[in-house]
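Residue numbers (my numbering): 48 to 197. Using N, Cα and C, we set each Cβ at its ideal position, and we do this for glycine too. As C-alpha cells, the structure follows; a few thoughts come after it.
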Amino acid sequence: MLLQLLLLLLLLLTASTAATASTAATDATAATATAALLLLLLLLLLLQLLLLLLLILLLLLLLLLLLLLLMLLLLLMLLLLLLLQLLLLLLQLVILLLLLLLSVVLLLLLLLLLLLLLLKLLLLLQQQLLLLLLVVLQLLLHCYCYYYYS
48 MLLQLLLLLL LLLTASTAAT ASTAATDATA ATATAALLLL LLLLLLLQLL LLLLLILLLL
108 LLLLLLLLLL MLLLLLMLLL LLLLQLLLLL LQLVILLLLL LLSVVLLLLL LLLLLLLLLK
168 LLLLLQQQLL LLLLVVLQLL LHCYCYYYYS
C-alpha cells in the first residue's frame with residue numbers, strides 16, 4: 048500500500064512537471080514516464096487483488112472445514128444423547144455434553160470471527176477495486192489528454 052502511495056505521488060510530480068515543461072521532447076518523455084508509472088501501478092494493484100482473492104478463497108475453505116467439523120460435533124452430540132438414554136452414567140454424560148456444547152459455542156465464535164475477517168477482506172477488496180478504478184480512469188484521462196494535445 049505504501050508503494051502504491053509513493054507511485055501515485057511520483058505520478059503527480061511527473062504530471063505537474065509535464066504541465067510546466069515547454070519543449071515537445073520533455074512532454075513526450077514525461078508522458079511516457081507517466082504512462083509507465085500508471086501501468087506499473089495497475090500491475091501492482093492487479094497482483095494485490097489476486098493475492099486478496101486467494102486469501103478469501105483460503106478463508107472460505109477454512110470456513111467450510113469448520114462447518115464440517117461443527118456438523119461432526121453435532122452428530123457426536125446426538126450420539127451422546129442416545130447413550131445417555133441407554134446408560135445409567137448420567138453424570139459423566141452430562142459433563143461430556145456440556146463440554147461438547149462449549150466446543151460448539153467456541154466453534155460458533157470462531158466462525159463469527161472468520162466471518163468478520165471475511166467482511167474485513169471484502170471491504171479491503173472494495174477499496175482495492177476503487178483504487179484500481181481511479182488508476183484506470185487516470186490512465187484513460189492521461190491517454191485522452193496526450194492524444195488530444197499532440
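One question on the structure: do residue i and residue j come within less than 8 Å of each other, judged by their Cβ atoms?
i: L100; j: L178; result: no
i: L106; j: L168; result: yes
i: L127; j: L147; result: yes
i: L123; j: L158; result: no
Whose C-beta lies closer than 7 Å to the C-beta of residue i among residues of the same chain, with five residues either side of it excluded?
i: L85; result: L58, V182, Q185, L186, H189
i: L130; result: L140
Ignore the nearest five residues each way along the sequence and tell me which others in residue i's own chain have a CB closer than 6 Å to its CB.
i: Y193; result: A78
Using a Cβ-Cβ cut-off of 8 Å (strictly less than) and excluding sequence neighbours within five positions of residue i, which residues of its own chain qualify?
i: Q175; result: L92, Q95, L96, L99
i: L120; result: L147, S150, V151, L154
i: L116; result: L154
i: L161; result: L106, L109, L110, L113
i: L143; result: L127
Under 8 Å by Cβ, that's how I've got residue i and residue j pegged, so tell me the actual separation to the nearest angstrom.
i: I103; j: L170; result: Contact doesn't hold; Cβ gap of about 12 Å is too wide.
Item to check | contact_flag[the stretch 127–141, the stretch 166–180] where n(CB pairs < 8 Å) is 3 or more | outcome: In short, these stretches do not touch, since the Cβ pair count stays below three.
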